[in-house]
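All remarks here apply to the structure that follows.
Residue numbers (my numbering), protein chains in the order written: chain R, 1 to 393; chain H, 394 to 786.
Written out as structure tokens, the structure reads:
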């Protein structure tokens with residue numbers, strides 16, 4: 001059984017040190033990873049600690065069999081993030097290591113993995129370490145990644161042991177993984193509103209993320225009659241209203257997170273408006289229909305695809321077990337992406353558990369979960385992990 | 394009769410020197426004003442040239458009476474502006490000076506005025522010199538003006554002879570002005586589409602300019618259900634659609650020139666959206682109704698008034714004369730503001746004439762008018778000026 005109080009204390013200690021600033025590929029992140037290494041060594045003497053070719057850390061406790069259960073999440077955070085996003089799953093995994101190390105006769109090997117750069121804040125690409133590990137990040141896509149200042153990603157990550165020449169192939173050690181589980185906070189309001197401390201996660205929403213540019217005719221705010229205008233702001237506004245309704249009707253999500261007019265002067269009808277549109281849906285076919293309807297609504301606008309991932313359904317057998325350890329409650333669908341999606345897409349039977357997020361707040365210092373809820377979520381996670389570790393291959 | 398070919402040649406020479414960069418309160422603007430002084434001296438030996446307390450230049454040719462006809466426009470331009478906006482009226486005025494100087498027996502005094510900082514690009518306040526001259530720019534309003542870098546306007550303009558202690562009172566010499574006229578380009582497409590080379594201007598649209606901030610609840614693009622969102626982008630989009638329709642129905646103009654979401658990340662439902670709304674209408678009551686309807690449509694949004702001017706109707710008697718010299722065509726209403734508005738608001742009988750703008754383009758290097766149209770507009774302007782100069786007081 002995992003010592004939940006110790007896990008919470010470790011989470012508090014990490015937050016006291018880093019204050020939510022553990023952005024991947026920074027000294028702050030590296031310093032915190034050194035702390036995790038020390039904690040893991042103390043928890044399970046004789047543990048094997050390895051950085052793989054993509055700067056992910058593997059804490060491996062060998063079992064009777066090479067068949068492995070992978071317990072993963074991420075220690076990196078957005079700048080100014082909270083005390084739970086990602087690092088909860090890592091500390092819970094180290095708590096599981098400590099618990100497992102005290103037992104004898106593990107049927108399976110336990111691998112706790114701290115995936116590198118889940119957040120994608122530096123290069124605009126989420127799940128960097130886990131997609132690299134599963135071979136899903138191509139050398140071409142990686143070569144195109146840049147920081148906001150235009151620096152190639154390769155120059156930044158190589159200092160942290162990331163070997164870009166190994167991209168495009170799954171790590172051999174993944175072949176021995178029989179199941180993968182991850183404990184994470186929900187980052188949304190659903191679980192808190194239902195009053196439950198933990199829930200199984202049936203899958204993740206698919207995403208279609210677009211950059212859309214509406215062109216127009218620059219004009220003087222006083223001198224251009226309304227019926228002579230090609231006003232891209234008006235076009236974009238009508239588009240936003242339409243696409244939001246389309247998303248609601250299809251039970252999907254639509255977000256325009258960025259919008260700007262050029263030249264952006266109060267007395268000038270803009271020449272163009274640029275916006276980002278993020279569409280999500282739990283099922284592939286409605287997601288594609290929603291994206292097609294949005295493209296149709298955008299008319300002659302220029303559209304660039306920024307990011308795309310299909311909906312993921314986690315493993316059905318693991319889902320049944322996860323529902324059982326979470327008292328039979330209805331599973332959730334995750335809106336945010338997680339490293340578990342990389343593993344599920346690769347083909348490993350994968351499952352997630354969610355703890356509630358107070359007010360649905362995340363990616364902010366105000367991110368929080370009641371300690372009593374964390375304790376119940378950690379207990380359910382430990383129970384699921386113990387089942388998987390003692391299952392005969 | 395004004396030598397239109399000489400006026401066009403002078404306009405070309407100014408543009409060759411300044412290349413559209415005559416922003417007020419810059420060395421480039423000052424250099425061009427020195428050229429104008431030299432041109433005026435050559436055109437009318439014995440001319441009185443004075444800078445007033447607000448850096449406006451007065452070129453005065455005394456008549457039999459102290460009663461004066463004021464012919465004004467502005468030599469300053471937006472950065473990267475065209476070869477006609479403002480400077481057309483100044484060069485046409487100097488052409489009129491040359492023509493008047495050749496005659497004898499002028500009933501009235503001719504004052505050609507180059508108003509300082511009509512464009513308002515440095516401090517965000519249009520008609521600076523002309524509103525200062527008429528006493529409409531208060532010391533308090535002036536004290537609040539800043540450059541984009543935060544420098545107080547006072548420190549910038551004092552190097553050019555602007556005396557802020559004289560603000561709040563009309564210049565005494567304005568008491569002798571019996572009529573004011575201005576030749577300007579339309580900066581819109583109406584005149585060109587009607588195929589006319591010149592038109593009288595019956596008045597200027599009133600303006601209500603607002604900054605509106607829609608508040609919302611920041612959320613994760615994947616984790617926040619649509620029905621739990623307070624999405625300020627969606628609110629702003631619906632507002633824009635509504636206010637554009639309101640403007641059309643009322644025969645007014647509505648422009649959203651600037652819009653931005655905060656924090657402006659593709660995967661975050663924004664916490665707030667800020668936009669500017671510029672409303673214009675030729676009549677006061679529909680303008681106020683339009684502004685009230687826009688405020689109502691904005692609901693709980695925070696609204697700040699950026700700028701406000703009521704519609705101006707130019708002098709009816711001068712309008713009849715102007716229609717006559719422009720071959721009886723329908724007068725226009727100006728969308729952009731002009732220094733003539735300052736004089737009309739002050740109480741001087743005022744009139745404008747417009748020359749066409751090809752494609753309605755202005756505030757850009759592509760700004761242009763056919764030379765044959767300029768010649769006809771200058772002739773009509775000269776004809777109107779001659780009538781006013783020879784009228785007995």
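Glycine included, each C-beta is placed from N, C-alpha and C at the ideal position.
Burial state of residue i, where buried means 16 or more other Cβ atoms lie within 10 Å
| i | result |
| --- | --- |
| residue 749(H) | buried |
| residue 369(R) | buried |
| residue 495(H) | exposed |
| residue 187(R) | buried |
| residue 299(R) | exposed |
| residue 497(H) | exposed |
| residue 386(R) | buried |
| residue 441(H) | exposed |
| residue 348(R) | buried |
| residue 335(R) | buried |
| residue 696(H) | exposed |
| residue 352(R) | buried |
| residue 786(H) | Because the pLDDT at residue 786(H) is just 47, under 50, the model does not fix this residue reliably, and the point stays unresolved. |
| residue 121(R) | buried |
First through last residue of the alpha helix (DSSP H) which encompasses residue i
| i | result |
| --- | --- |
| residue 422(H) | 420-436 |
| residue 125(R) | Neither: residue 125(R) is in no alpha helix (DSSP H) and is coded neither H nor E. |
| residue 581(H) | Per DSSP, residue 581(H) belongs to no alpha helix (DSSP H) and is neither H nor E. |
| residue 347(H) | Here chain H covers residues 394 to 786 and nothing more, so residue 347(H) does not appear. |
| residue 688(H) | 677-690 |
| residue 319(R) | 316-325 |
| residue 343(R) | 339-346 |
| residue 527(H) | Careful: residue 527(H) lies outside any alpha helix (DSSP H) and carries neither H nor E. |
Inter-residue CB distance, residue i and residue j (contact presumed, cutoff 8 Å)
| i | j | result |
| --- | --- | --- |
| residue 277(R) | residue 358(R) | The Cβ separation is near 29 Å, so there is no contact. |
| residue 86(R) | residue 75(R) | 6 Å |
| residue 625(H) | residue 650(H) | At roughly 18 Å, the Cβ-Cβ gap does not stay under 8 Å, so residue 625(H) and residue 650(H) are not in contact. |
| residue 499(H) | residue 782(H) | 6 Å |
| residue 163(R) | residue 53(R) | 4 Å |
| residue 290(R) | residue 279(R) | 5 Å |
| residue 560(H) | residue 530(H) | 6 Å |
| residue 485(H) | residue 400(H) | 6 Å |
| residue 483(H) | residue 466(H) | 5 Å |
Per-residue DSSP class, three states only, for residue i
| i | result |
| --- | --- |
| residue 73(R) | strand |
| residue 358(R) | helix |
| residue 627(H) | helix |
| residue 302(R) | strand |
| residue 15(R) | helix |
| residue 648(H) | strand |
| residue 786(H) | Because residue 786(H) sits at a pLDDT of 47, beneath the cut-off of 50, its placement in the model cannot be relied upon, and the following sentence gives the value as read from the coordinates. Reduced to three states, the DSSP call for residue 786(H) is coil. |
| residue 507(H) | strand |
| residue 669(H) | strand |
| residue 218(R) | coil |
| residue 377(R) | helix |
| residue 723(H) | coil |
| residue 596(H) | strand |
Straight-line gap, residue i to residue j (C-alpha atoms, nearest Å)
| i | j | result |
| --- | --- | --- |
| residue 126(R) | residue 238(R) | 31 Å |
| residue 407(H) | residue 694(H) | 47 Å |
| residue 246(R) | residue 207(R) | 15 Å |
| residue 464(H) | residue 573(H) | 6 Å |
| residue 321(R) | residue 633(H) | 50 Å |
| residue 198(R) | residue 623(H) | 26 Å |
| residue 384(R) | residue 111(R) | 15 Å |
| residue 366(R) | residue 578(H) | 56 Å |
| residue 209(R) | residue 613(H) | 14 Å |
| residue 449(H) | residue 757(H) | 24 Å |
| residue 628(H) | residue 417(H) | 39 Å |
| residue 784(H) | residue 528(H) | 28 Å |
| residue 405(H) | residue 476(H) | 7 Å |
| residue 242(R) | residue 297(R) | 7 Å |
| residue 488(H) | residue 596(H) | 25 Å |
Extent of the continuous beta strand (DSSP E) run through residue i
| i | result |
| --- | --- |
| residue 60(R) | 57-61 |
| residue 617(H) | First-last for residue 617(H): undefined, no H or E at that position. |
| residue 555(H) | No beta strand (DSSP E) holds residue 555(H); DSSP gives it neither H nor E. |
| residue 207(R) | 206-215 |
| residue 443(H) | 441-444 |
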